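Right, one structure below, let's go through it.
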Amino acid sequence: MIISSPQLEFLESQLAKFNEDRKNTESEIAATPDVTIRRTYENRLNLLFEQIEQKEQEIKDLQAKLQGRSIDHLIKILQPSGSPLPIDGMRAAYLNVLRHRGWKNQHNPAMLDEIITQLFKIPKGQFDYAPLEEFIAHLIINLQDVGLIAELQHWGEEQLGQGWTDLLEQVEQQQSQHGQQAQSALLIAISRGDEASTQSQAETYYQIKAWLIHDTQDYQTHRQGISPIIVAGMTGDETYAQEALPDELPKLISQFLVESSHLFDSDPELHICLPVELMNHAIDLWKLDDDGPVKPMLGRRYKVVLRCTERWSRSYRQEKIWKQKWDRQKSFLENFACDAFIAGDDNNLEDLYYDLLEETVVGLKVKQAPTCVGTNSLFGVLLQTGTPIAIWGRTNLKSTTNDTELTRILNACCLKNLLHTVQEERQRARKVSPEAHIGHHLSLLWDDPYLVPPKSA
11 MIISSPQLEF LESQLAKFNE DRKNTESEIA ATPDVTIRRT YENRLNLLFE
61 QIEQKEQEIK DLQAKLQGRS IDHLIKILQP SGSPLPIDGM RAAYLNVLRH
111 RGWKNQHNPA MLDEIITQLF KIPKGQFDYA PLEEFIAHLI INLQDVGLIA
161 ELQHWGEEQL GQGWTDLLEQ VEQQQSQHGQ QAQSALLIAI SRGDEASTQS
211 QAETYYQIKA WLIHDTQDYQ THRQGISPII VAGMTGDETY AQEALPDELP
261 KLISQFLVES SHLFDSDPEL HICLPVELMN HAIDLWKLDD DGPVKPMLGR
311 RYKVVLRCTE RWSRSYRQEK IWKQKWDRQK SFLENFACDA FIAGDDNNLE
361 DLYYDLLEET VVGLKVKQAP TCVGTNSLFG VLLQTGTPIA IWGRTNLKST
411 TNDTELTRIL NACCLKNLLH TVQEERQRAR KVSPEAHIGH HLSLLWDDPY
461 LVPPKSA
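Counting with my numbering, you get residues 11 to 467 for the letters of the sequence shown.
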């Protein structure tokens with residue numbers, strides 16, 4: 011950080027003169043054989059050291075004072091009394107700094123002064139600019155207010171001089187590269203509306219809520235960058251009867267996707283979180299309302315995975331083993347997907363339970379279509395054992411077996427590409443009869459414990 015003032019320049023010139031005198035005196039000491047004369051030079055050198063130390067302290071104190079003024083001025087720019095900047099934009103810039111410097115977020119600052127405090131805790135390291143200056147550069151890149159941009163540009167130039175332009179160029183490149191790599195996710199939670207269900211007695215009702223995670227990797231690291239998706243005219247507390255879900259949910263999901271597109275340009279992964287009794291629903295076959303003659307199926311248009319609502323509950327007792335198995339799953343990401351799965355079905359749930367409970371087991375390939383749903387089914391065992399990954403066909407094929415087709419899929423890709431491979435299988439099924447292609451019935455449980463809404467949500 012470049013901080014200058016006439017007083018600081020004067021002190022620095024005095025320090026430079028003292029250092030020059032020190033070097034000359036050290037040379038005289040080295041060249042003088044006379045002990046008495048050398049002692050005189052040594053006394054002079056000691057005095058110079060004291061003067062240098064004093065001057066360095068004066069410079070340090072003045073720099074701190076000037077820096078304080080600079081930060082006060084910056085806060086006034088960013089938080090004018092009329093319309094302060096939204097905190098979300100400032101958080102995004104803050105997280106960009108953390109990502110670039112490999113610095114783990116220890117706090118979740120909610121105010122500008124908290125962000126600045128955290129930035130000062132990050133060491134400058136090998137960079138030619140401080141974290142605060144990088145923060146302002148990230149902020150400028152995404153601003154629209156021309157007047158505010160001009161003020162921040164002037165502040166940056168005061169701090170870094172010619173280096174400010176270089177920093178802006180670097181930050182613009184970083185944001186462009188990260189934007190190309192970032193993967194967003196739309197979390198859609200379908201949970202039981204217990205009050206409405208109790209009142210109805212004859213029917214189960216469900217509530218639907220959605221959140222957009224802007225960058226899944228950032229969110230897992232920093233727990234920042236998640237936005238609730240609210241559809242105009244809705245409160246989020248509406249309930250839907252179970253029999254109405256196939257009609258109502260595709261419409262809602264289409265609206266969630268429209269709202270998400272205002273926040274993020276690229277296609278999100280769709281994480282549909284269901285209670286166990288809905289886990290075998292053909293979510294991927296729901297048709298989207300795209301305002302055109304073609305109504306694309308959800309699973310052919312997007313990467314769609316299933317999640318389990320019960321795992322988001324505070325009362326879920328297997329959270330620890332769920333996380334342990336997911337962490338172990340990461341060691342399989344570069345392997346063929348088949349390495350992460352064991353085969354099983356619901357013929358004997360007790361045997362399945364103990365097989366899945368094995369520490370090394372992270373995924374289940376279901377050999378034949380599940381015969382039932384709910385807590386007393388195969389899906390209940392997945393929940394009970396904390397198993398985070400499972401793949402199955404909802405209907406048994408006629409021309410071949412589900413086991414054979416699932417084995418083919420899992421042998422065709424590495425685990426980290428499984429979501430993409432499943433989407434391709436769903437797309438390939440379009441021109442083949444439902445009884446002959448697994449892509450018509452393919453479900454994938456991909457339950458990441460670190461990709462859930464905040465507890466407060």
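Virtual Cβ for every residue (Gly too), placed ideally from N, Cα, C. In this text, all values refer to a predicted model and were calculated from it rather than measured experimentally.
Alpha-carbon to alpha-carbon, residue j and residue i
{"i": "Asp299", "j": "Leu259", "result": "11 Å"}
{"i": "Leu288", "j": "Glu360", "result": "22 Å"}
{"i": "Arg311", "j": "Ile448", "result": "17 Å"}
{"i": "Gln227", "j": "Asp31", "result": "55 Å"}
{"i": "Lys158", "j": "Leu88", "result": "Note that residue 158 is Leu in the sequence shown here, rather than Lys. When rounded, the distance between both Cα atoms is 8 Å."}
{"i": "Lys375", "j": "Pro238", "result": "33 Å"}
{"i": "Asn412", "j": "Trp402", "result": "8 Å"}
{"i": "Lys408", "j": "Val181", "result": "56 Å"}
{"i": "Tyr326", "j": "Glu320", "result": "7 Å"}
{"i": "Arg54", "j": "Lys70", "result": "24 Å"}
{"i": "Glu144", "j": "Gln234", "result": "19 Å"}
{"i": "Lys313", "j": "Trp165", "result": "44 Å"}
{"i": "Val391", "j": "Thr385", "result": "8 Å"}
{"i": "Gly302", "j": "Asp277", "result": "19 Å"}
{"i": "Leu108", "j": "Gln185", "result": "13 Å"}
{"i": "Cys423", "j": "Phe274", "result": "28 Å"}
{"i": "Ile236", "j": "Glu66", "result": "46 Å"}
{"i": "Ile223", "j": "Gln378", "result": "34 Å"}
{"i": "Ala353", "j": "Leu129", "result": "50 Å"}
{"i": "Lys465", "j": "Met100", "result": "23 Å"}
{"i": "Glu36", "j": "Asn29", "result": "11 Å"}
Three-state secondary structure (DSSP) of residue i
{"i": "Leu461", "result": "coil"}
{"i": "Thr374", "result": "Per the sequence shown, the amino acid found at residue 374 is Leu instead of Thr. Reduced to three states, the DSSP call for Leu374 is strand."}
{"i": "Lys219", "result": "strand"}
{"i": "Tyr229", "result": "helix"}
{"i": "Ala160", "result": "helix"}
{"i": "Pro306", "result": "coil"}
{"i": "Ile146", "result": "helix"}
{"i": "Pro260", "result": "helix"}
{"i": "Arg327", "result": "coil"}
{"i": "Glu279", "result": "strand"}
{"i": "Ile401", "result": "strand"}
{"i": "Pro131", "result": "The residue asked about is misnamed: residue 131 is Lys in this sequence, not Pro. Three-state DSSP puts Lys131 in coil, outside helix and strand."}
{"i": "Phe274", "result": "coil"}
{"i": "Trp113", "result": "coil"}
{"i": "Tyr250", "result": "strand"}
{"i": "Trp296", "result": "coil"}
{"i": "Pro43", "result": "coil"}
{"i": "Cys423", "result": "coil"}
Cβ-heavy atom distance, residue i to the ligand SAM, below 6 Å
{"i": "Ser23", "result": "The ligand SAM is not part of this structure, which contains no ligands at all."}
Buried versus exposed, by CB contacts within 10 Å (16 or more), residue i
{"i": "Leu280", "result": "buried"}
{"i": "Arg438", "result": "exposed"}
{"i": "Tyr250", "result": "buried"}
{"i": "Leu225", "result": "One detail in the question is off: residue 225 reads as Asp in this sequence, not Leu. Asp225 comes out buried."}
{"i": "Pro43", "result": "exposed"}
{"i": "Ile47", "result": "exposed"}
Residue closest to residue i, alpha-carbon to alpha-carbon, out of the options
{"i": "Gln24", "options": "Gln89, Ile62, Ile263, Leu359", "result": "Ile62"}
{"i": "Ala242", "options": "Glu182, Glu269, Ala254", "result": "Glu269"}
{"i": "Met307", "options": "Arg338, Cys348, Lys375, Ser264", "result": "Ser264"}
{"i": "Gln183", "options": "Phe130, Trp221, Asn106", "result": "Asn106"}
{"i": "Leu84", "options": "Glu161, Glu124, Arg109", "result": "Glu161"}
{"i": "Gln433", "options": "Ala446, Ser323, His451", "result": "His451"}
{"i": "Leu393", "options": "Leu367, Lys377, Arg404", "result": "Leu367"}
{"i": "Thr175", "options": "Tyr139, Asn345, Ala195", "result": "Tyr139"}
{"i": "Pro119", "options": "Gly112, Ile200, Thr127", "result": "Thr127"}
{"i": "Leu196", "options": "Val372, Ile282, Leu362", "result": "Ile282"}
Supposed close pair residue i, residue j - CB separation, criterion 8 Å
{"i": "Leu284", "j": "Leu316", "result": "6 Å"}
{"i": "Ala350", "j": "Gln339", "result": "6 Å"}
{"i": "Leu428", "j": "Ala347", "result": "5 Å"}
{"i": "Lys459", "j": "Glu329", "result": "Lys is not the amino acid found at residue 459; the sequence shown has Pro there. About 7 Å separates the two Cβ atoms, so the contact holds."}
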